[in-house]
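Numbering (my numbering), first residue to last: 4 to 158.
C-beta: ideal position from N, C-alpha, C; glycine also.
Keep in mind that this is a model prediction, so the values were computed, not measured.
Report on one structure; see the data block that follows.
Here it is, written out as structure tokens:
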């Protein structure tokens, strides 16, 4: 029986492997782990399909652009809700208050932003492989039918 194709956005938000959409990218599910050194604690390969996550040396440097875009989008969202609920004026300190609130929010969600940036960036380069996703876990763990890089299949 064929399994239903996992939803793209739910798999991305859950930070699942882009190739099979079942294996976890990170060793700990909680990005707000009390030990900050565990924020980037990733599996080298997907535990389900064997997809290698770091496609080349220095691959993760590109996530800075994704993180920057997400930070700007979140800041714009914060500006809109703050302006609608509280209001912003040049005549008082409300703009400075927004900057403080926005800065605090960005700092608080930074661990999640860093992780989701890695997931989004990897999803740019690795595509869902229906053949790999439908194999039983036992076959994945034995290493059969495994091509760890996206170049191994057509897009």
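CA nearest to the CA of residue i, picked from the options
i           : options               : result
residue 72  : 9, 128, 124 and 14    : 124
residue 33  : 135, 115, 126 and 121 : 115
residue 17  : 79, 36, 122 and 55    : 122
residue 131 : 118, 54 and 91        : 54
residue 113 : 20, 42, 28 and 89     : 42
residue 1   : 118, 28 and 46        : A query on residue 1 cannot be resolved here, the shown segment of the chain reaching from 4 to 158 and no further.
residue 28  : 107, 52, 64 and 90    : 52
residue 15  : 135, 120 and 68       : 120
residue 75  : 102, 127 and 62       : 102
residue 105 : 93, 81, 13 and 127    : 81
residue 108 : 89, 64 and 79         : 79
residue 129 : 7, 62, 92 and 91      : 62
residue 69  : 127, 60 and 133       : 127
Host alpha helix (DSSP H) of residue i (start-end)
i          : result
residue 89 : Residue 89 -> no alpha helix (DSSP H), and no H or E assigned at all.
residue 14 : 11-16
8 Å contact criterion, which residue i and residue j should meet: CB distance rounded
i          : j          : result
residue 30 : residue 48 : With 8 Å as the limit, residue 30 and residue 48 do not qualify as a contact, their Cβ atoms being about 12 Å apart.
residue 9  : residue 24 : 4 Å
Inter-stretch contact (C-beta, 8 Å, three-pair minimum) for the region 80-87 and the region 95-105: Judged by Cβ distances under 8 Å, the region 80-87 makes contact with the region 95-105, as three or more pairs qualify.
Uninterrupted alpha helix (DSSP H) stretches inside the region 106-141 (no shorter than 4 residues): Here the runs fully enclosed are 113-128 and 133-136.
Length-filtered (4 minimum) alpha helix (DSSP H) runs lying within the region 20-104: The qualifying runs are 66-88.
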